[in-house]
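Residues in the sequence shown are numbered from 88 upward in steps of one, following my numbering.
Okay, structure first, notes after.
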Amino acid sequence: MLKRVAALAVALGALHGTHAFAAPCLEVTLTGTQGGPPVFQGQAGSGTLVTYGEEETGCRDVLLQFDTGRGTTQQLSKIGVPVGRLSAVFFTHIHSDHSEGLPDMMQLRWHFNSAGPKVDMVCHEDAPSGAGHIMSCENFAKAIGAVLIQSGEMAQRLAENPKRLPGGPAELLNLMTFPASQTPQKVWEKGDVSVSAISSRHVPGHASYRVDTPAGSVVIGGDAGNDSPAPPRDTSTSAQVELLAEGADIVVHSVIHPVMGPDGTTGFPPPIYFRQSTATDLGGLSQRAGAQHLMLTHLIPPVGAPRQGPYPLPNGGLTVADYDAAVRDGGFDGNVVVGTDLAKLRLPIK
Ligand SMILES: [Zn+2]
């Protein structure tokens, strides 16, 4: 009898083990879908959470945040992700609409997790521009607590609790910069999860990322656009993103609707229009790459918005169908998600 119980226990253990490894999953959540610096109906700033794990743990063994726009910490709290659980944050570029949530996020960690662990902050190394300025993710990282140090708040809180890190929230970041590269390079990995990056054009230091896991792969294009800053060109999308997206399951990408183009009547500045990827061209890219899912985020203009910042839409706000139709014009026949805050996809699809 004892032997039979033991044998059953071994069999159950084997079954459990098999099951645990047979059900890896990848989940992609749009933490914020606002396009650019404007605000509209409380939408959060640009960001994407990618998590990987077992179905039994809600795919949450490894948690990666790509960009941290306005309100990212609150968005994560809505889906039960404390900022202390993030393994790493990645930045496509350091425009404020993609990065301004980081000081908030890291100050919260400083308050309650000063003992660590640190969070990996992965971004492009300093990138000089032709105009003489330098886009520096490193300087941004070092300065995230600067206003709190200047105001005296840091000193006051340290006087209350000296166990906190004396240098403020910047000390909780483990900065990992990578050099420019026109081919994918591995920039981070943990267990079965690997992240690669490629330099892409939008502003100096812009990068796009790909996460590969046994449950699937996702590309985070960011605000990438074509290396040719204006027509004539074959497409508004980035050749580097297309290379990175080859064979990926999901493409997440910032989008601009063709209605904002110079042929329209919005008055939107053409150079800003041309440095984004259009919905139609993203449809073409996703089809050529063989992706099954295209998640549009950072929508310019937001669905339903009567204007993008100061630029009105003379024919009224766009609909989900307007974005979907523009993607289909590009030839994409997969699944299109016209992003809303906290929209998500999980692989494998059930
Ligand atoms: Zn942006």
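Cβ coordinates follow ideal geometry from the N, Cα and C atoms, glycine included.
Runs of beta strand (DSSP E) with 3 or more residues, each lying fully within the region 155-204, are found at 175-177, listed in chain order.
DSSP places residue 224 inside the alpha helix (DSSP H), whose first and last residues are 224-229. Rounded to the nearest angstrom, the gap between the Cα atoms of residue 289 and residue 311 is 5 Å.
Counted as a single uninterrupted DSSP element, the alpha helix (DSSP H) harbouring residue 244 occupies residues 240-247.
Per DSSP, residue 216 lies in no alpha helix (DSSP H) segment and is marked neither H nor E. For residue 310, the distance from the CB to the nearest heavy atom of ligand 1 is below 7 Å. Counting only residues of its own chain and dropping the five nearest sequence neighbours on each side, residue 230 has a CB closer than 8 Å to the CB of 257.
About 5 Å separates the beta carbon of residue 287 from that of residue 325, a gap short enough to meet the 8 Å contact definition. Taking 7 Å as the cut-off, one finds no heavy atom of ligand 1 near enough to the beta carbon of residue 364.
Of the heavy atoms belonging to ligand 1, at least one sits nearer than 7 Å to the Cβ of residue 184. Judged by DSSP in its simplified three-state form, residue 318 adopts coil rather than helix or strand. For residue 123, the CB falls within less than 7 Å of some heavy atom of ligand 1. Residue 242 and residue 181 have their C-alpha atoms spaced approximately 28 Å apart.
Just so you know, the alpha carbons of residue 268 and residue 133 end up roughly 24 Å apart.
The three-state secondary structure of residue 113, taken from DSSP, is strand.
Here residue 176 is near residue 206, since their CB atoms are less than 8 Å apart. Residue pairing by DSSP places residue 383 opposite 340, 425 in a beta bridge.
Out of 213, 233, 276, the CA that lies nearest to the CA of residue 266 is found in 213. The beta carbons of residue 386 and residue 302 sit no closer together than 8 Å.
Nearest in C-alpha terms to residue 425, of all of 370, 418, 403, 400, is 370.
Taking the Cα of residue 183 as reference, the smallest distance to any Cα among 155, 366, 352 is reached at 155. The beta carbon of residue 359 sits closer than 6 Å to none of the beta carbons in its chain outside the five residues before and after it. DSSP places residue 372 in the uninterrupted alpha helix (DSSP H) bounded by 366-376. The count of Cβ pairs closer than 8 Å, one atom from the region 405-417 and one from the region 388-396, reaches three, so the stretches are in contact.
Between residue 174 and residue 150, the beta carbon gap of about 6 Å places them in contact (Cβ cut-off 8 Å).
One thing to note: residue 340 has its Cβ within 8 Å of the Cβ of residue 308. Residue burial is scored here from C-beta neighbours: residue 218 has fewer than 16 other C-beta atoms within 10 angstroms and is therefore classed as exposed. With a 10 Å radius around the Cβ and a threshold of 16 neighbouring Cβ atoms, residue 318 comes out exposed. The shortest CA-to-CA distance from residue 261 to any of 436, 226, 209, 378 is the one to 209. One Cα belongs to residue 139, the other to residue 190, and the distance between them is close to 25 Å. The beta carbon of residue 123 sits closer than 8 Å to those of 184, 385, 387, 395, 396, all from its chain and outside the five residues before and after it, given in chain order. Taking non-hydrogen atoms of ligand 1 into account, the C-beta of residue 293 is found less than 7 Å away from none of them. Per DSSP, reduced to three states, the secondary structure at residue 143 is helical. Distance from the CA of residue 271 to the CA of residue 179, rounded to the nearest whole angstrom, comes to 14 Å.
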